[in-house]
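Peer 1: In this text, residue positions in the sequence shown follow UniProt numbering: the first is 1, and each later residue adds one. For each residue, glycine too, the CB sits at the ideal point set by N, CA and C.
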Amino acid sequence: MSEHPIESLMGVTMQKIREMVDVNTIIGDPITTPDGTVIVPVSQVSYGFASGGSDFPSKKDGRDCFGGGSGAGIKITPVGFLTVCKGEVRMIPVTESEGTFDKVMDIVPEAFDKIGSFFKKDKKKNKDNGTTPEITVDDNEVEM
1 MSEHPIESLM GVTMQKIREM VDVNTIIGDP ITTPDGTVIV PVSQVSYGFA SGGSDFPSKK
61 DGRDCFGGGS GAGIKITPVG FLTVCKGEVR MIPVTESEGT FDKVMDIVPE AFDKIGSFFK
121 KDKKKNKDNG TTPEITVDDN EVEM
């Protein structure tokens, strides 16, 4: 029995994943500092794999009409550093700290809400006295 085309798609994808992710990706190469401390980076590797295909009817007997594809995704996350210093082994975890971009992204929705409320206040004021709306922002109302 001959190999189905989806098997070769899956085989090539898995082979490429094996080439990218080896034991040195998870447990990195040891680094020795001038004072003799050995530092070994440790990472978490996650990957997903998907493949699919379909056989189509063929007008000619013995001819295989197949369409398919496969793909994979890999995520490598640093976990920490294994250190060996003067006979003492320690694991130093990597903690995720919020960078400037993360902080800005947390503030943006709140800022849009406040800006929107300024527009609503001004429209309501101007609707009551019959004038055209004027957009103003009072420094005392802006908080971030």
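1. Pairing CB atoms from the stretch 80–93 with CB atoms from the stretch 39–49, are three or more of them under 8 Å?
2. Considering only residues of the same chain and omitting the five flanking positions on each side of Ser-70, which have a CB-CB separation below 6 Å?
3. Can you tell me the Cα-Cα spacing of Glu-7 and Phe-66, whole angstroms?
4. Pull up the CB-CB distance for Ser-54 and Gly-68, whole angstroms please, since I reckon it's below 8 Å.
5. In three-state terms, what does DSSP make of Asp-106?
6. Roughly how many angstroms lie between the CA atoms of Thr-25 and Ile-31, to the nearest whole one?
7. Going by the beta-carbon positions, is the gap between Ile-17 and Tyr-47 smaller than 8 Å?
8. Between the Cα of Ile-76 and those of Asp-35, Glu-3, Val-21, Asp-29, spot the shortest distance and give me the residue it belongs to.
9. Tell me the DSSP secondary structure of Asp-35 in three-state form.
10. Measuring CB to CB, does Ile-92 end up less than 8 Å from Val-45?
Peer 2: Result, derived from the coordinates:
1. yes
2. Leu-9, Met-10, Thr-13, Ser-51
3. 12 Å
4. 7 Å
5. helix
6. 14 Å
7. yes
8. Val-21
9. coil
10. no
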